[in-house]
Every structure is written in structure tokens, then in C-alpha cells.
DNA sequence: ACTTGTTAGTTACAAAAACAACTAATATCC
DNA sequence: GGATATTAGTTGTTTTTGTAACTAACAAGT
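Chains as they are written, first to last, in my numbering: chain A, 1228 to 1371; chain B, 1228 to 1371.
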């Protein structure tokens, strides 16, 4: 019986993407975990608010493509640790505007700098054009 | 106070990689989940054995960079559903050689074809050179 | 032979994620 | 105005993962 072996697992894009994402995520994860005890979704919520300004949990769900239960729990955790505060909107009391506290802003600034650094290091071996092509391709694949 | 906003979250490579991996993994995941009730690690173990031939759990751990507990559970699950069998090696009874059953080979063939198809569709919008560059970059980032 | 160390794999328990069911507020249709 | 549907967000339960401790087999030095 002859096997086909059309392609290698290492050439399968979903697999490759996953391996790369896992490898690249690890180091940064250590930082926000050890320095602030944050989970991945918590860091993402923090980053959204820090980078794009106040918004509701729903906004974050849509922008980051994270399920609302994950965001809900991340928001609770961040609030209980004093990184953000919630204000119910008067015009529609279902929504609540989330905004970072000074501690939140400070954590964001710190982590954002680490992230920027790390990103630079990750792509140090790529030319400017290669970097652009890579990010373009990834954005396309991610439908962002 | 002026914010720096060095970069966008969507330009942060670990984030981008993650979003792309998640998006691209979804569709294929549905297939192996619905068609064979497999988990991600189970599909990977199946693929390793189908594509690269019999090997031990440890070999799979090393090649796929998966923790041994995950592989152990995946192997048990695949075995209990009749997709693979284990044979303890005589020269060293700590090892066991894993090999696919006919049902396992059949599932592999099927899923492998689906994967090949899907990969082709994913990269349909890229030129041959762009595809090569993308995979090269990802392999580099994944340290594969 | 016998302590010490290492390796392959499993098991048990804790953390995190996925999924579904729920509440409360608003919108819509009759 | 009142039943019905939607929407934002939460809570509870089940899967899945991560971590650490464990067993069994072997290796190596003394």
C-alpha cells in the first residue's frame, strides 16, 4: 500500500501558526503573569482600554473576538485587583463603561513597553519589507 | 499626560499570530471533532503516526512539542476508540511503540486530505513566493 | 549488589476554558 | 400597554489543560 503523503504537518498552515503563536506567546506571558498575576484575557482587556480608551465589555468582545464570559471574568478580576473601574451608563443601564484606574494605566504602560520591545526582538531577523509582508499575511488570515 | 501608543495591538506579533491561528484552526477543528470526535492533541498524534510511521509517545512529545501528559491522554483516547494500538518494546519495557489500526489509517487518510484541501484554500490568495515566505517566517518564529 | 539518577509514561489535583442557562434592561410589534 | 424578542452581562456546570507527584524500568557508579 502506497501512502500519499501530500504534505508535511510542518507545512500545514494552521499547525504552523499554532506552533509559532505558542512559541512567541510564551515569553511575554511570563511577564504579565509574574509581574501582575494576569491571565491572557486580562492582559488583553487591559491593553484594549489602555490603548483605545474606555469602552464596554461588549466592545472588547467584538474587537478582540473573545467570548463574553471570558471578558466578564477578566473584567471582574481586573476590577478586584484595582486595575479598572466600571460605571453604569445612564442612557442604557445594561452597558457599563470600563476605564483603567491609575494602577491600571501604570500596568498598561509598563506591559506595553515590554510588548513593544519583545515585538522588536522577535522580528529582528526580518527586513522591514519582510515584516510588513508577514503582518499583512497574518492580518489577512486572521480576517482582521 | 501624553500617551505613547507605540504600537497597535493588532501589530503585536504574538497577538496577531494567535488571532490567525485561532481563525485558521477553527474550520479544520470542526471536521476532526464532528467526524471522529477527536481533540486537537488526538488529531496531532494520529497525524504523526500516519505521516511519519510508528513511534513512541516520547517521540511525539519531542516532535510536536506537546507535554507528555497531553500525549498520554490522547493516546489512551485514540486507543480506546480503536484508532491505534500499543506494543511494549522488549529491549526496553518503558517504551511502547504506537501504531495505527486500519481504522486509524483510514481516519488519517481522510483527515489528511481535508487538511491538504483546507491549506490550499487558506493560501489561495497568496502567490507561490508569498506562501513560501510566510511559511519560512513562521517556521523561524516557531523555531522549527 | 545497592544506592543514586534518569527516562517513559500515568495519575491526581488545581487552574482555566467552553458551553449553556440565567438575570436584568431595553427594544419591538401587535 | 403588554407579550415577545434582543442585548449586556453574570453565574454555574462540564471539559480540557497545566502542574506536580508518582510508578516502573533501566543505567551507572561505587
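We put the beta carbon where it would ideally sit given N, CA and C, even for glycine.
Below the 7 Å Cβ cutoff, chain A contributes 1240 as neighbours of residue 1350 (chain B), in chain order. The residue from A:1240, A:1246, A:1277 with its alpha-carbon nearest to that of residue 1340 (chain A) is A:1277. Spanning the alpha carbons of residue 1295 (chain A) and residue 1286 (chain A) requires a straight line of approximately 10 Å.
In the pairwise beta carbon analysis, the region 1319-1329 of chain B is classified as touching the region 1266-1282 of chain B: at least three pairs are separated by under 8 Å. In the three-state reduction of the DSSP assignment, residue 1243 (chain B) falls in the helix class.
Contact check for residue 1240 (chain A) against residue 1273 (chain B) fails: the beta carbons are separated by 8 Å or more.
A direct Cα-Cα distance of roughly 29 Å separates residue 1353 (chain B) from residue 1266 (chain B). Taking 8 Å as the cut-off, the beta carbon of residue 1242 (chain A) is found no closer than this to the beta carbon of residue 1334 (chain A).
Contact note: residue 1371 (chain A) reaches chain B through 1237, 1243, 1246, using a C-beta cutoff of 8 Å and chain order. Counting along the chain, residue 1293 (chain A) sits inside no alpha helix (DSSP H), nor does DSSP assign it H or E at all. Not a single C-beta of chain A is nearer than 8 Å to the C-beta of residue 1310 (chain B).
Identification of residues in the region 1247-1264 of chain B having a C-beta nearer than 7 Å to some C-beta of chain A yields 1247, 1248, 1250, 1251, 1252, 1255, given in sequence order. Counting only Cβ-Cβ distances below 9 Å, residue 1361 (chain A) has contacts in chain B at 1240, 1243, 1360, 1361, 1364, 1365, 1368, in chain order.
Secondary structure at residue 1320 (chain A): coil, using DSSP grouped into helix, strand and coil. The continuous beta strand (DSSP E) containing residue 1315 (chain B) extends over residues 1311-1315.
Secondary structure at residue 1266 (chain B): coil, using DSSP grouped into helix, strand and coil. Apart from sequence neighbours up to five positions away, the residues of its chain that approach residue 1271 (chain B) with a beta-carbon distance below 6 Å are 1291, ordered along the chain.
Residue 1246 (chain A) sits away from residue 1361 (chain B), with the two beta carbons spaced by 8 Å or more.
Residues of the region 1311-1335 of chain B with a Cβ closer than 7 Å to any Cβ of chain A: none.
For residue 1342 (chain A), the nearest beta carbon of chain B is closer than 8 Å to its own beta carbon. Of the candidates B:1268, B:1269, B:1233, B:1275, the residue whose Cα lies closest to the Cα of residue 1235 (chain A) is B:1275. In the displayed model, residue 1367 (chain A) falls within a helix according to three-state DSSP. Around the beta-carbon of residue 1298 (chain B), 16 or more other beta-carbon atoms lie within 10 Å, marking it buried. Secondary structure at residue 1307 (chain B): helix, using DSSP grouped into helix, strand and coil. Residue 1367 (chain A) and residue 1318 (chain B) have their C-alpha atoms some 51 Å from each other. Against residue 1337 (chain B), chain A offers no close residue; the least beta-carbon distance is about 12 Å (beta-carbon pairs closer than 7 Å).
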